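Asker:
See the structure below:
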């Protein structure tokens, strides 16, 4: 979720119809933290490579999920989990005519029931960005060669990457994860995303040492 992400679409044109529908729902319900358009376009492109299943944590009102659905091939299942019951209901209504899309209410770990995924987007849990958020295990949740996306970072300018004056442990966790080949993709002057590909035969990761609020 991005601060002022919903407002970032005010001057955008040519959006996929499903994204327009999700944005309208976000605005009606006063939800400001939608996936930004730069991130959305990346998600649409990545979704096109999925063969069977796409997962997402943190549905919000469904803007990021709409970008994923706009890029997914026919027959690909999309599963997203939202912990807020009202937002889960709103998002489910957005996708009411899309039987390939399911919006679940609950903790982000519910996404594991439909694993493994070709693409998993971590936006509302499983990122390890806060002390109480256990990072997702890509070796369990992804097919070999599957991709995991962790967004809402500030582009790194040095190594090791830093956040708030100290080493950015959550970012390092994903960049150095033994089961992944991960790259950081700058999307705007203030926005970067991590995309990791599960190595074939990769192992499970450990915990984040010293992770703190972002």
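Residue numbers (this note's numbering): 17 to 230.
Note that the Cβ used here is the ideal one computed from N, Cα and C, for glycine as well.
Computed from a predicted model, the values in this text were never measured in an experiment.
Compute the Euclidean distance between the alpha carbons of residue 195 and residue 89, then round it to the nearest angstrom.
Answerer: Approximately 26 Å between the Cα atoms of the pair.
Asker: Would you kindly work out how many angstroms separate the C-alpha atoms of residue 142 and residue 125, rounded to a whole number?
Answerer: 8 Å
Asker: Do you know offhand how far residue 169's Cα is from residue 115's?
Answerer: 33 Å
Asker: Might you give, ordered along the chain, the residues of its own chain that have their beta carbon closer than 7 Å to the beta carbon of residue 215, omitting 5 neighbours on each side?
Answerer: 195, 196 and 197
Asker: Roughly how many angstroms separate the alpha carbons of residue 237 and residue 95, rounded to a whole number?
Answerer: Outside the displayed range of the chain (17 to 230) lies residue 237, so it cannot be described from this structure.
Asker: Consult DSSP for residue 4 and reduce its assignment to one of helix, strand or coil.
Answerer: The structure shown does not extend to residue 4, since the chain is modelled only from 17 through 230, so no value can be given for it.
Asker: With three or more C-beta pairs closer than 8 Å as the rule, is the stretch 49 to 62 touching the stretch 106 to 113?
Answerer: no
Asker: Looking at the unbroken beta strand (DSSP E) that takes in residue 31, where does it start and where does it end?
Answerer: No beta strand (DSSP E) contains residue 31, which DSSP labels as neither H nor E.
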